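Novice: Using our numbering, you'd call the opening residue of the sequence shown number 238 and step up by one each time. In this text, a Cβ means the ideal position worked out from N, Cα and C, and glycines have one as well. All values reported here derive from a predicted model rather than from experimental measurement. Attaching a single structure in structure tokens format; questions to follow.
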Amino acid sequence: MKQSTLPIWQRVALVFLIETALFASSATAQECIGTQKSKIYHTQPLECGSAKRIQGDNRVVFKDAKEAERAGRRKCKRCAQLDAMEDKDDANQEQRPLMGGGRPATGRNTNGRHEEVLPPPTDVSPDRGLPRLVRIKKIMPAGTLELESGTRVCFDGVIVPNENQPHALDARDAIQQESQGRLMRMVQDSHRGVPAGRDSLGRWRVRLAADDGGRDLAGELVYAGYAWLDRSRWTTRWDELSRLEENAWRAGRGIWQQLDGPAGQMKVVTGRGAHAYHEARCDHVKLLTEPREMELNEARARRLVPCEHFRAKAIKRQQVKK
Ligand SMILES: [Zn+2]
Ligand SMILES: [Zn+2]
238 MKQSTLPIWQ RVALVFLIET ALFASSATAQ ECIGTQKSKI YHTQPLECGS AKRIQGDNRV
298 VFKDAKEAER AGRRKCKRCA QLDAMEDKDD ANQEQRPLMG GGRPATGRNT NGRHEEVLPP
358 PTDVSPDRGL PRLVRIKKIM PAGTLELESG TRVCFDGVIV PNENQPHALD ARDAIQQESQ
418 GRLMRMVQDS HRGVPAGRDS LGRWRVRLAA DDGGRDLAGE LVYAGYAWLD RSRWTTRWDE
478 LSRLEENAWR AGRGIWQQLD GPAGQMKVVT GRGAHAYHEA RCDHVKLLTE PREMELNEAR
538 ARRLVPCEHF RAKAIKRQQV KK
């Protein structure tokens, strides 16, 4: 999918979500800086690249984030992510979310800064068509599931890391843990009565949850940081999955983790209003508006996602190493 064809409303929705997420983080009593003219303030003057470049007379100092916000400024995205990482370090190491219905009602951080009420447990809902009871026979790469009947299905609305990609095994384990030996309830998602149908690989797009009170599996994967919201296609679950992804992103779980060393410093390219990042040589780059290079860690911090070519190349790179 070409970046330039992403509908404007999706771009707007995404930017809105990100902005909302950043506004929601509460202010702390640390000195903040900004430039004379911008509407941004930085909470991490020693860490944030943009903040470090603010020189001399151009620098404005605020007593704390509250003061900066009263002045009509909003927090720099990179700084927000750095703040979130600090919080994560402060709090005890987070437990891996339970896939079997153990998700707590609020965030786990002890200092309360990420405290928020999570969406109610999601479930496959019978009003979207009669659920069928199935068993998963085989868990295949990239979230492809083969049912006992031989039918292949995938999770509607999310992208699961492909084989050999980081967290592909975590995703597989999570699916296995939740589905092994259990009867699963399966429904096809639909939008205004049109069923989600099959994807380009011929997989039926479905929702799945264990029949004995399990949670929606796609939502659990996204929440754990083992899958991305599929930004190329709107589904009725967009808002819900996006909220779960936001939670994983803010906590830096799984695919949202900051990487140490060269891996995190790898140069990627994104464009204004784009939701994905690309390798410098990706064909997508010439389609981007105002292409801009950044490090992979920054792209993750901005909640950007790898483009499909990037995901495919990640596989090749890893295979070469073996
Ligand atoms: Zn900053
Ligand atoms: Zn690309």
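So is Lys239 buried or exposed if we call it buried at 16+ other beta carbons inside 10 Å?
Specialist: The residue labelled residue 239 in the question sits at position 2 within the sequence shown. In this predicted model, Lys239 has a pLDDT of only 42, less than 50, meaning its place in the structure is not dependable; the value taken from the coordinates is given anyway. Exposed is the call here.
Novice: Would you kindly work out how many angstroms separate the C-alpha atoms of Arg540 and Lys312, rounded to a whole number?
Specialist: Here residue 540 refers to the residue found at position 303 when the sequence shown is read from its first residue. Here residue 312 refers to the residue found at position 75 when the sequence shown is read from its first residue. Approximately 15 Å, taken between the alpha carbons.
Novice: What's the gap between the Cα of Phe260 and the Cα of Ala302?
Specialist: Working through the sequence shown from its first residue, we reach residue 260 at position 23. Working through the sequence shown from its first residue, we reach residue 302 at position 65. Caution is warranted here: a pLDDT of 37 is assigned to Phe260, below 50, making its placement in the model unreliable, and no coordinate value can be reported.
Novice: Three Cβ pairs or more, each shorter than 8 Å: is that satisfied between the region 507 to 520 and the region 433 to 444?
Specialist: The region 507 to 520 is not in contact with the region 433 to 444.
Novice: Just verifying my parser: in three-state terms, what is the DSSP assignment at Ile492?
Specialist: Sequence index remark: in the sequence shown, residue 492 carries index 255 (1-based). Residue state, collapsed to three classes: helix.
Novice: Can you name the residues that DSSP bridges to Gly271?
Specialist: Looking up residue 271 in the sequence shown gives position 34. Val297, per the DSSP bridge assignment.
Novice: Applying the 10 Å Cβ sphere with the 16-neighbour rule, what's the burial state of Pro543?
Specialist: In the sequence shown, the residue the question calls residue 543 occupies position 306. Looking at its Cβ environment, which holds 16 or more other Cβ atoms inside 10 Å, Pro543 is buried.
Novice: Taking 8 Å as the cut-off, is the CB of Phe547 close to at least one heavy atom of ligand 2?
Specialist: Locating residue 547 in the sequence shown gives position 310, counting from the first residue. Yes; taking the cut-off as 8 Å, the Cβ of Phe547 has a heavy atom of ligand 2 nearer than that.
Novice: Under 8 Å: do the region 293 to 310 and the region 264 to 279 share three or more Cβ pairs, one atom per stretch?
Specialist: Yes: the two stretches touch, three or more of their Cβ pairs being nearer than 8 Å.
Novice: Looking at the unbroken alpha helix (DSSP H) that takes in Glu535, where does it start and where does it end?
Specialist: Here residue 535 corresponds to residue number 298 of the sequence shown, with the count starting at 1. Note, Glu535: alpha helix (DSSP H), 533 to 538.
Novice: Which residues, in chain order, sit with a beta-carbon under 6 Å away from any heavy atom of ligand 1?
Specialist: Checking every Cβ against the heavy atoms of ligand 1 under 6 Å gives His279, Gln281, Cys285, Ser287, Ala288, Cys313, Arg315, Cys316.
Novice: Quick check: what's the CA-CA separation for Arg444 versus Gln402?
Specialist: Taking the sequence shown and counting its residues from 1, the one referred to as residue 444 is at position 207. Taking the sequence shown and counting its residues from 1, the one referred to as residue 402 is at position 165. So the two alpha carbons sit approximately 23 Å from each other.
Novice: Alpha carbon to alpha carbon, what distance is there between Leu496 and Ala485?
Specialist: Translated into positions along the sequence shown, residue 485 becomes position 248. Translated into positions along the sequence shown, residue 496 becomes position 259. In a straight line, the C-alpha of Ala485 is about 15 Å away from that of Leu496.
Novice: Ligand 2 heavy atoms versus the CB of Glu527: any closer than 8 Å?
Specialist: Numbered from 1 along the sequence shown, position 290 holds the residue referred to as residue 527. Glu527: no, Cβ never under 8 Å from ligand 2.
Novice: To the nearest angstrom, how far is the alpha carbon of Ser386 from that of Val424?
Specialist: As a first step, residue 386 must be located in the sequence shown, where it is residue number 149. As a first step, residue 424 must be located in the sequence shown, where it is residue number 187. Roughly 15 Å between the two C-alpha positions.
Novice: Could you tell me which whole beta strand (DSSP E) segments of length 3 or greater appear in the region 412 to 495?
Specialist: Within the region 412 to 495, the complete beta strand (DSSP E) runs of at least 3 residues are 421 to 425, 441 to 447.
Novice: Return the first residue and the last residue of the beta strand (DSSP E) that Arg290 is part of.
Specialist: Residue mapping note: residue 290 aligns to position 53 of the sequence shown, counting from 1. Looking at the DSSP string, Arg290 is not in any beta strand (DSSP E), and its letter there is neither H nor E.
Novice: Which same chain residues end up closer than 8 Å to Tyr463 when comparing Cβ atoms and leaving out the 5 residues on each side of it in sequence?
Specialist: Within the sequence shown, numbered from 1, the residue matching residue 463 stands at position 226. Answer for Tyr463: Val397, Pro398, His404, Asp407, Ala408, Ala411, Gly491, Ile492, listed in chain order.
Novice: Quick check on Glu545: does DSSP put it in helix, strand or coil?
Specialist: Counting from 1 along the sequence shown, the entry for residue 545 is found at position 308. DSSP places Glu545 in helix when its eight states are reduced to three.
Novice: Mapping the DSSP letters down to three states, classify Lys276 as helix, strand or coil.
Specialist: Numbered from 1 along the sequence shown, position 39 holds the residue referred to as residue 276. Of the three classes helix, strand and coil, the one that applies to Lys276 here is coil, per DSSP.
Novice: Within 10 angstroms of its Cβ, does Lys314 collect 16 or more other Cβ (buried), or is it exposed?
Specialist: What you label residue 314 is simply residue 77 of the sequence shown in a count that begins at 1. It counts as buried.
Novice: Would you kindly work out how many angstroms separate the C-alpha atoms of Arg509 and Val522, rounded to a whole number?
Specialist: Against the sequence shown, residue 509 aligns to sequence position 272. Against the sequence shown, residue 522 aligns to sequence position 285. Whole-angstrom Cα-Cα distance: 11 Å.
Novice: Pull up the DSSP beta-bridge partners for Ala513, would you.
Specialist: As a working note, residue 513 is residue 276 in the sequence shown. Ala513 pairs with Val542.
Novice: Where does Gly380 land, buried or exposed, given buried means 16+ other C-beta within 10 angstroms?
Specialist: For the purposes of this step, residue 380 is identified with residue 143 of the sequence shown, where counting begins at 1. So Gly380 ends up on the buried side.
Novice: Let me confirm a value: Leu283 is counted as buried when at least 16 other C-beta atoms fall within 10 Å, else exposed. Which label applies?
Specialist: Along the sequence shown, one-based indexing puts residue 283 at 46. Looking at its Cβ environment, which holds fewer than 16 other Cβ atoms inside 10 Å, Leu283 is exposed.
Novice: Going by beta carbon distance, what residues of the same chain come within less than 6 Å of Trp465, once the five residues before and after it are set aside?
Specialist: For this step, residue 465 is matched to residue 228 along the sequence shown. Answer for Trp465: Ile396, Val542, listed in chain order.
Novice: Between Ala305 and ligand 2, is there a pair consisting of the residue's CB and a ligand heavy atom that are separated by less than 8 Å?
Specialist: Residue 305 sits at position 68 when you count from the first residue of the sequence shown. Incorrect: Ala305 has no Cβ contact closer than 8 Å to ligand 2.
Novice: Does DSSP classify Arg518 as helix, strand or coil?
Specialist: Within the sequence shown, residue 518 is the residue found at index 281, counting from 1. Coil at Arg518, not helix or strand.
Novice: Alpha carbons only, please: which of Asp467, Glu535, Lys274 is nearest the one belonging to Ala317?
Specialist: Along the sequence shown, one-based indexing puts residue 317 at 80. Closest by alpha carbon: Glu535.
Novice: In chain order, what residues of the same chain have a beta carbon less than 7 Å from the beta carbon of Leu254, not counting five sequence neighbours either side?
Specialist: What you label residue 254 is simply residue 17 of the sequence shown in a count that begins at 1. In this prediction, Leu254 has a pLDDT of 44, which is less than 50 and means its spatial position is unreliable; nothing more can be read from the coordinates.
Novice: Just tell me which of Ser427, Glu383, Phe392 has its CA closest to the CA of Thr453.
Specialist: In the sequence shown, counting from the first residue as 1, residue 453 sits at position 216. Residue identity differs from the one stated: residue 453 is Asp in this sequence, not Thr. Measuring from the Cα of Asp453, the nearest candidate turns out to be Phe392.
Novice: Can you tell me where the alpha helix (DSSP H) holding Glu304 begins and where it ends?
Specialist: On the sequence shown, residue 304 is found 67 positions in, with the first residue counted as 1. Where Glu304 is concerned, the enclosing alpha helix (DSSP H) stretches over 302 to 307.
Novice: Leaving aside the five residues before and after Asp294 along the sequence, list all residues of the same chain whose C-beta is less than 8 Å from its C-beta, in chain order.
Specialist: Within the sequence shown, the letter at position 57 stands for residue 294. Closer than 8 Å at Cβ, skipping near neighbours: Gln273.
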